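In my numbering, the protein residues as written are 294 to 388. The block underneath contains the structure these notes are about, expressed in structure tokens.
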């Protein structure tokens, strides 16, 4: 009925018992785990990214990372984090 396997249901029930939570509270935690590490990029970074890309729509992620490092001295961020930020927060489409 729930569209899950028997083993999955058994794991969920076991986790409920281990944590002492109610069954439904545990289901919420299992279905929506914590989102992970908070992004290093802020709204200020977003403004710089958007302004830089507005100047030339053919910017690469590498160029955006370099611009961020110029604007924010000693700021270290990976290309993948910038790519993820550009596509999710800035709603930019990348080739």
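Backbone N, C-alpha and C define an ideal beta-carbon position, used for all residues, glycine too. Computed from a prediction, not measured in an experiment: that's the story for all the values here.
Coarse secondary structure for residue 361, derived from DSSP in three states: Reading the chain shown from its first residue, position 68 is the one you call residue 361. Residue 361: helix per DSSP, three-state reduction.
Is residue 340 helix, strand or coil by DSSP? Mapped onto the chain shown, residue 340 falls at position 47. In this structure, residue 340 counts as helix in the three-state DSSP scheme.
Measuring straight from C-alpha to C-alpha, what distance separates residue 355 and residue 339? Residue mapping note: residue 355 aligns to position 62 of the chain shown, counting from 1. Residue mapping note: residue 339 aligns to position 46 of the chain shown, counting from 1. Near 15 Å, if we compare the C-alpha coordinates of residue 339 and residue 355.
What residue from 306, 329, 387, 301 has the CA that sits closest to residue 357's CA? The residue you call residue 357 lines up with position 64 of the chain shown. Residue 357 has its Cα closest to that of 387, out of 306, 329, 387, 301.
Given the structure, does residue 340 come close to the ligand GDP, in the sense that its CB is under 6 Å from one of the ligand's heavy atoms? The model on display carries no ligand, and the ligand GDP is accordingly not part of it.
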